[in-house]
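To start, the structure under review is shown below, and the notes come after it.
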Amino acid sequence: MPAALSAAASLLCLCLTAKAAHAARAPLAPQAQLTDGIVEGVRLRGEHKDVRVFRGIPYAAPPVDDFRFREPQPVARWAGVHNARQFGPRCMQTNVAGKLDFRSTTMSEDCLYLNVWTSANGAGAKQPVLVYFHGGAFVSGDGSEPRYDGAQLASRGIVAVTVNYRLGAFGFLAPPGAASESSHGTAGNYGLLDQVAALRWVRDNIAQFGGDPSKVTIAGNSAGSVAVSAHMASPLSRGLFARAIGQSGAAFAPNAMWTREEAERATNEFSARVGASSLQQLRSLPARTLLTAAAQPQRSYEPMTFRPSIDGYFLTETPEQVFARGGQTQVPLMLGSNAHEAVSHAPVDEHRLLPLNEKLARFRDQIDEVLAHYPGNANVSQSTQRWMDLHRQTGQAPIFYYRYTQQLPAETETPAGPVAPPMLGVAHDAQVPYALGNLDSLRRFGWKAADYDVSRIFSRYLEQFVKTGDPNGAQAGGEGSPAIEPGSRRTGPVPTWPASRVENQGTLVQVIGENTHSVWDRPASTQELAQQPESGQPMTAAEPAAR
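All letters in the sequence shown, in the order written, are residues -23 to -1, 1 to 524 by mature numbering (1 follows the signal peptide of the UniProt record, and there is no 0).
Structure representation (structure tokens):
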């Protein structure tokens, strides 16, 4: 063989060998065989290099055209491999909740997608599963938000799932024509029916990601928490989950649910607003037209609200009635609310500051008392407590009840727009990134060591509850469960969280914050408030629980 030809052959051989060696070292894109086809996700890098994520998996057919205002339909099987590397579109919505850091790049009526994070090596791993429903008053939110990211949970041996579901008019109107074409004769609650479809998808497919369909925990914050309580009361959700977590919201507030008549009246008012007199006309209107109409003020300065309803299908009676007779799904429950659910950002308008200052001066002696005894509102704190009380009275499973007390730090940077004023207290939804271990996903806040320690404790509670049904873990006892978290900012024992119970001294509550501990919590009576000491010191309504 000529020398030149021999050299060329050797070079080609070396190139092919190097290419083969690189291919052997490079991890293959993860795939999963589902009931509807194959999906291909991505493997994360850096801290979560062992985590595989599958984004934008369709769990139902696009709810467009004749599928608008209809319960979710089966997704069509696909040939080849579905690209699950990017988040699916978020559902049609207006931003009513302030800064939401969506990682989805588009908004569409075609939005019934979910996301899965897993560290399992195979389909037989049987890891516990957490399905998280986002908040947003049933009119906004998205499973792509960084605060709901599932990588931290996956790195701890939990298969995490976030779900998009229909919102606002698309998810909760109840057109009469839709009821007539339904096999069960009802309309509305499409957003909650989407969630049921997602839970059935989890039951049928999560084993392919290493999850155990018999160990599914459903969880949510705000509207997502309301949904969790509704699933516990719904006959359609029975058998689809084994544990439940509710954060700041329940279906027991006075205005949490529409009656069927209220849902029909709201639908008629909305239809008149957009000039539609039939279901066909509602379906023919552009999605943007419906969205714009829903955002317009109704009887006040607020946009139109949308709520789940007692539709006779997803809910055959009110959740209060179901729980009162013990008809709810009997599962361990972890739930609670934040110290100051009703507060918001500090006012920045001087015209709003003046009356606020006048009120502060006039009622200065009573401010601490009011905040101590009435920090929340009926839609959040009281409804969440009612959920706990009813499940305790008629349920057989353990309940773990908390009050969250760690305030979000001030923002230090923001990708777009001015930095928001600091919160006035431990506001609604403040607990989410702490509980899911996602502080570093929200870089605009000035996190401190105390924040990371609170997150370490809260996320440990959530992890162990998902795995065992007990926030203390399967082998709870002693001074607290150990913290087993590689790379955690601070280490140390996690305080024991006793199951909630009610005795003469009050309700046993776990206070989660910089000083996490158990207390006996009781509301101060009118007589006790009248006997307030002249010194102005607020009367204690929480007493430390004996260990």
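Using N, Cα and C, we set each Cβ at its ideal position, and we do this for glycine too.
Burial state of residue i, where buried means 16 or more other Cβ atoms lie within 10 Å
i           : result
residue 255 : exposed
residue 5   : exposed
residue 503 : Per-residue confidence for residue 503 stands at a pLDDT of 37, beneath the threshold of 50, marking its modelled position as unreliable; no derived number is given.
residue 361 : buried
residue 331 : Summary for residue 331: the model assigns pLDDT 42, below 50, so the residue's position carries little reliability; its value from the coordinates is reported in the next sentence. Exposed, because fewer than 16 other Cβ atoms sit within 10 Å of the Cβ of residue 331.
residue 294 : exposed
residue 156 : buried
residue 440 : buried
residue 269 : exposed
residue 539 : Outside the shown range of the chain, which is -23 to 524, sits residue 539, and nothing can be said about it.
residue 235 : buried
residue 106 : buried
residue 265 : exposed
residue 55  : exposed
residue 470 : exposed
residue 232 : exposed
residue 302 : exposed
residue 263 : exposed
residue 160 : exposed
From the options, residue whose alpha carbon lies closest to that of residue i
i           : options               : result
residue 201 : 273, 268 and 125      : 125
residue 241 : 177, 166 and 67       : 166
residue 109 : 123, 228, 471 and 243 : 123
residue 298 : 263, 269 and 363      : 363
residue 195 : 187, 206, 186 and 185 : 206
residue 25  : 384, 190 and 95       : 95
residue 47  : 262, 302, 38 and 215  : 38
residue 249 : 438, 161 and 152      : 152
residue 553 : 445, 471 and 418      : In the structure as shown, the chain starts at -23 and stops at 524, and residue 553 therefore has no counterpart that could be examined.
residue 72  : 64, 61, 114 and 171   : 114
residue 283 : 59, 147, 374 and 54   : 147
residue 18  : 63, 57 and 12         : 63
residue 149 : 245, 215 and 104      : 245
residue 484 : 370, 436, 192 and 416 : 370
residue 536 : 421, 422, 306 and 423 : Residue 536 lies beyond the stretch modelled for the chain, which goes from -23 to 524, so this question has no answer here.
residue 407 : 232, 49, 216 and 224  : 224
residue 103 : 184, 209, 36 and 32   : 184
residue 356 : 135, 487, 186 and 226 : 226
residue 437 : 133, 12 and 160       : 133
Own chain, CB closer than 7 angstroms to residue i, minus 5 neighbours either side, in chain order
i           : result
residue 120 : 91, 92, 111, 139, 140 and 141
residue 365 : 312, 376, 378 and 477
residue 41  : 86 and 87
residue 169 : 204, 207, 285 and 291
residue 316 : 352, 380, 381, 382, 402 and 403
residue 445 : 451
residue 449 : 441, 458, 473 and 474
residue 179 : 106, 108, 138, 190 and 193
residue 60  : 17
residue 514 : Low confidence applies here, because residue 514 scores a pLDDT of 31, under 50, leaving its location unreliable; read the following figure in that light. No residues qualify anywhere along the chain.
Length of the line joining the Cα atoms of residue i and residue j
i           : j           : result
residue 127 : residue 434 : 17 angstroms
residue 273 : residue 318 : 26 angstroms
residue 203 : residue 14  : 33 angstroms
residue 21  : residue 130 : 14 angstroms
residue 70  : residue 285 : 16 angstroms
residue 158 : residue 382 : 49 angstroms
residue 447 : residue 289 : 34 angstroms
residue 173 : residue 287 : 16 angstroms
residue 300 : residue 405 : 25 angstroms
residue 144 : residue 260 : 16 angstroms
residue 29  : residue 7   : 7 angstroms
residue 82  : residue 499 : 47 angstroms
residue 257 : residue 154 : 9 angstroms
residue 267 : residue 228 : 26 angstroms
residue 12  : residue 176 : 14 angstroms
residue 278 : residue 481 : Because the pLDDT of residue 278 is 44, which lies under 50, any placement of that residue in the model is unreliable, and the question is left without a value.
residue 218 : residue 211 : 12 angstroms
residue 52  : residue 367 : 37 angstroms
residue 454 : residue 426 : The pLDDT assigned to residue 454 is 43, lower than 50, so where the model puts this residue is not dependable, and the model offers no usable value.
residue 116 : residue 89  : 15 angstroms
residue 281 : residue 239 : 13 angstroms
Cβ neighbours of residue i in the same chain (closer than 6 angstroms, five flanking residues each side left out)
i           : result
residue 358 : 314 and 318
residue 163 : 156, 288, 289 and 290
residue 409 : 124 and 198
residue 188 : 104, 106 and 136
residue 27  : 96
Close beta carbons around residue i, own chain, < 8 angstroms, minus the five adjacent residues each side
i          : result
residue 84 : 66, 67, 68, 69 and 70
residue 57 : 14 and 15
| task | State whether the segment 378 to 387 contacts the segment 303 to 318, with contact taken as three or more CB pairs (one from each stretch) at a distance under 8 angstroms. | result | yes
| message | Assess contact between the segment 414 to 432 and the segment 484 to 492, defined as three or more Cβ pairs (one per stretch) separated by less than 8 angstroms. Is contact present? | response | The segment 414 to 432, when compared against the segment 484 to 492, does touch it at the 8 angstroms Cβ threshold.
| said: Under 8 angstroms, with one C-beta from each stretch per pair, do the segment 96 to 105 and the segment 45 to 61 reach the 3-pair mark? | reply: no
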